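Numbering (this note's numbering), first residue to last: 24 to 258.
All remarks here apply to the structure that follows.
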């Protein structure tokens, strides 16, 4: 079943045509990745789906219901959360306060259990629950950003460049967590510069070039595609 369906998305920054008729879908239970070079339109696509940018035309449906024009904070309440590029944690707040900020759509009686679940998933955060987020390492901030997004109990979790700036051992840890989240029932839409890692865990992938989808296939098919290998995998 299609959880997210994007059709003919057209997005402009002023006179610049950034997204040119992008269409794709994410089925329930999948990890789907968007890969492409810097400036290809990956983050713009996620930000448009999440309600942060307004498209010129096209449609975005979550579980068959349009979310175009719905304010970003209300889209979260419909079951979709975005973990943004650059983490964007609240630097002056503690770890626990950041998580509580992610739970604004949830009944108060459920928040404690959700925080406990995040701490089970990210033990490092539990150790630092009183620590101010601005003093965390890059990897810890990424875990906090993901944990904060999970506080809304999303059906669809969108991750924008989760491995950016992280050491290789932390990249492997973050991708392992993504697989665990998916195995536990969360559908994932992943934007990632590290195409090798993204395709290795994705059920399906789409390749974006200058605002258009040029190739699609399973993760394994794209890893074996000569053009994809030459362009994004250094092969």
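Glycine included, every Cβ here is placed at the ideal spot set by N, Cα and C.
It should be emphasised that the depicted structure is a prediction, and the values quoted were computed from it without experimental measurement.
query: Just mark residue 220 as buried or exposed, buried being the case when its beta carbon has 16 or more other beta carbons within 10 Å.; result: buried
query: Please give the ranges of any beta strand (DSSP E) in the stretch 54 to 137, keeping only runs that are unbroken, at least 3 residues long and fully inside the region.; result: 54 to 58, 80 to 85, 103 to 106
query: Which one or two residues does DSSP pair with residue 33 in a beta bridge?; result: 43, 80
query: Output the distance between the C-alpha atoms of residue 211 and residue 37, rounded to the nearest integer angstrom.; result: 30 Å
query: Kindly indicate which residue of 199, 173, 165 has the alpha-carbon position closest to the one of residue 185.; result: 165
query: DSSP on residue 159, reduced to helix/strand/coil?; result: coil
query: Roughly how many angstroms separate the alpha carbons of residue 232 and residue 33, rounded to a whole number?; result: 14 Å
query: With a threshold of 16 other CB atoms inside 10 Å of the CB of residue 169, please say whether the residue is buried or exposed.; result: buried
query: Residue 193 to residue 137, Cα distance in whole Å?; result: 24 Å
query: For the stretch 102 to 110 against the stretch 171 to 189, are there 3 or more C-beta pairs whose distance is under 8 Å?; result: yes
query: Which same chain residues end up closer than 6 Å to residue 80 when comparing Cβ atoms and leaving out the 5 residues on each side of it in sequence?; result: 33
query: So residue 244 is in the alpha helix (DSSP H); what residue range does that whole segment cover?; result: 242 to 247
query: Taking the straight line between their C-alpha atoms, what separation do you get for residue 206 and residue 214?; result: 19 Å
query: With 16 as the cutoff for other CB atoms within 10 Å, does residue 139 come out buried or exposed?; result: exposed
query: Going by Cα to Cα distance, which pick from 60, 129, 151, 25 is closest to residue 46?; result: 25
query: Closer than 9 Å, CB to CB, is residue 180 near chain C or not?; result: The structure shown contains no chain C; it holds only a single protein chain.
query: With a threshold of 8 Å, are at least 3 pairs of Cβ atoms found where one atom belongs to the stretch 51 to 59 and the other to the stretch 223 to 242?; result: yes
query: My output table needs one value for residue 217: the three-state DSSP class, helix, strand or coil.; result: coil
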